[in-house]
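One structure is given below, encoded as structure tokens.
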Amino acid sequence: MLTNFKIKNLIYLCYEGFEIDLHNCYNFSISNLEVHPDQIIIPFQRLNNNISAELPFSKIIFTAYHYSYFQNNDPSTEHLSDDHILSELTFYPADYRQNHTFLINQEDPKETDDLILNFCSDRIIRLKAEKIIVTHQTSPL
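Here the sequence shown stands for residues 75 to 215, numbered as in my numbering.
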């Protein structure tokens, strides 16, 4: 899998010289997830809080091109209010798709890895693609 980002400590997205805390500084909304025949778009919107005030990106967008695997588990109803908060992200071997809760603190993907995004609501998005590229928007909140 080709990427233009790294993952640090299971929570930081290393992109364009920044360590971006997706857990505390950005929100996800399932209504903005886009699944197309040849790509998947997963956007995160910056929060308007003191922690994220220094970050230049109002939106972080993961785009997966030519995906061969996609799973989007529904959130737990008891934690539904936390569905917008990313808990961890990791690269994990595709050979172990039956397991979504084990995490590897690994900065770069291996060719056979999936990208896993675990949310505080127990939602899990897992995908395998030829290429996953992060882009951003810098418009004000």
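For each residue, glycine too, the CB sits at the ideal point set by N, CA and C.
From Leu215 to Asn123, what does the alpha carbon distance come to, in whole angstroms?
Model confidence at Leu215 stands at a pLDDT of 48, short of 50, so the residue's coordinates are unreliable and nothing is read from them.
Ignore the nearest five residues each way along the sequence and tell me which others in Ser195's own chain have a CB closer than 7 Å to its CB.
For Ser195, where only same-chain residues beyond five positions count, the Cβ hits under 7 Å are Pro149, Ser150, His153, Leu154, Asp156, Asp157.
Just checking my contact of Glu59 with Leu76 at CB under 8 Å: how many whole Å lie between their CB atoms?
Here the chain covers residues 75 to 215 and nothing more, so residue 59 does not appear.
To the nearest angstrom, how far is it from the Cα of Pro111 to the Cα of Ile159?
Put simply, the backbone Cα of Pro111 is about 26 Å away from that of Ile159.
Between the segment 125–134 and the segment 86–100, do at least 3 Cβ pairs fall closer than 8 Å?
Yes, since at least three Cβ pairs between the segment 125–134 and the segment 86–100 fall closer than 8 Å, the two stretches touch.
First and last residue of the uninterrupted beta strand (DSSP E) at His210
His210 -> beta strand (DSSP E) spans 198–211.
Where Gln172 and Asn179 are concerned, what is the direct C-alpha to C-alpha distance, given to the nearest angstrom?
Cα to Cα, Gln172 sits roughly 19 Å from Asn179.
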